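This report refers to the structure that appears directly beneath it.
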Amino acid sequence: MDHIVKIAEHFWMIEENDVRSFLLEGEHRTMLVDTGFGTLRIREMAACLTDLPIFLVNTHTDGDHTGCNREFETVYMHPAEMEHYKNALPEGCSMEAVRPLWEGDTIDLGCWKFEVILTPGHTPGSIMLLEREKRMLISGDTIQDGEIYMFGAGRNMEAFQCSLEKMTGMSDAFDTIWPSHGSYPLAPDIIPGILKGARELMEGKLQEMEPPRPMPCKKYVCDVAAFLYGKDDWRK
Ligand SMILES: [Zn+2]
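Going by our numbering, the sequence shown opens with residue 45, and the numbers climb by one from there.
Written as structure tokens, this is what we have:
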């Protein structure tokens with residue numbers, strides 16, 4: 045059970061290499077947020093932690109978040125994410141399993157109430173989940189202090205900056221941020237730092253470095269995070 049970290053009552057993190065998923069147990073059902081790379085049998089692991097039925101929500105659908113989606117009959121995501129999912133559909137998954145989750149929807153688990161916030165940029169339909177009463181935010185890959193992937197299909201630096209502006213405006217609603225990568229938990233004051241970094245990247249002010257692995261991008265480090273960004277991006 046090395047991969048499982050209990051954060052609070054009814055709240056766990058499932059760590060897999062460099063990515064994490066979250067499990068929130070409600071009163072009648074339990075929400076799993078993302079399914080990692082797929083090297084773990086995440087549904088089985090989650091079922092060891094809760095007796096309640098488990099349903100799946102994807103913050104977004106890059107391969108490091110959908111690896112065990114095949115273990116679920118249905119998968120919730122924002123409709124703006126569906127094409128991104130379809131274009132690289134994980135093995136054993138089908139579009140028939142996909143259910144929509146819209147901006148402003150509330151995922152009511154009884155003791156947890158998560159509001160869906162659309163934050164495109166990293167992917168077209170990336171979402172965050174805000175629990176206003178518990179003052180916490182599950183942020184996916186958009187707010188984190190690791191390497192933010194911003195190269196390849198579906199990335200959009202302009203939308204990414206707009207999403208960070210939106211979250212800066214909402215940052216008095218939460219105290220802790222639970223990202224999919226990097227350190228945890230984060231404080232809301234990281235958001236303006238990532239936004240500043242994204243602006244500096246677009247203005248050519250960040251130093252270009254080689255990526256950590258062979259990838260069609262360069263690495264750019266700002267004060268609080270790093271970007272893996274492809275200058276050959278079709279949007280440039
Ligand atoms: Zn990721």
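Just so you know, even glycine gets a beta-carbon here, dropped at the ideal spot from N, CA and C. If you're wondering where the values come from, they're calculated on a predicted model, not measured in any experiment.
Ignore the nearest five residues each way along the sequence and tell me which others in residue i's own chain have a CB closer than 7 Å to its CB.
i    : result
H54  : L68, E69 and C155
M121 : N102, T105, Y129, V142, L145 and G169
R64  : M57, I58 and S224
I98  : T74, L76, R87, A90 and A91
Y228 : W222
CB-CB under 8 Å to residue i, same chain, minus the five flanking residues each way: which ones, in chain order?
i    : result
P260 : F195, G196, G274 and D276
H47  : I58, E59, E60, L84 and M89
If I follow the unbroken alpha helix (DSSP H) through residue i, where does it start and stop?
i    : result
R243 : I234 to M246
T220 : Premise fails: T220 lies in the beta strand (DSSP E), T220 to P223, not in any alpha helix (DSSP H).
E209 : M201 to G213
Report all residues from its chain with a CB closer than 6 Å to the CB of residue i; omit the five preceding and five following residues, and keep chain order.
i    : result
L190 : The sequence as given places Gly at residue 190; Leu does not occur at that position. Within the same chain, G190 has close Cβ partners H225 and G226.
Y193 : L272
K50  : W56
W278 : Summary for W278: the model assigns pLDDT 46, below 50, so the residue's position carries little reliability; its value from the coordinates is reported in the next sentence. Excluding sequence neighbours, W278 sits near nothing in its chain.
Quick one: give me the first and last residue of the beta strand (DSSP E) that residue i is part of.
i    : result
A270 : A270 to Y273
A52  : I48 to A52
K263 : K262 to V265
>> Please give the ranges of any alpha helix (DSSP H) in the stretch 70-104, keeping only runs that are unbroken, at least 4 residues long and fully inside the region.
In response: 86-91
>> I'd like to know if the stretch 138-146 and the stretch 80-96 are in contact, where contact means that at least 3 CB-CB pairs between them fall below 8 Å.
In response: no
>> Within 8 Å, do at least three Cβ pairs link the stretch 110-120 to the stretch 176-193?
In response: no
> Hey, which residues come within less than 6 Å of ligand 1, measuring from Cβ to any heavy atom, in chain order?
Replying inline: V63, D106, D108, H109, D185, S224 and H225
> Between the stretch 223-240 and the stretch 155-169, do at least 3 Cβ pairs fall closer than 8 Å?
Replying inline: no
>> At 3 residues or longer, what runs of the beta strand (DSSP E) sit wholly inside the stretch 146-195?
In response: 150-152, 157-162, 171-175, 180-184 and 191-194
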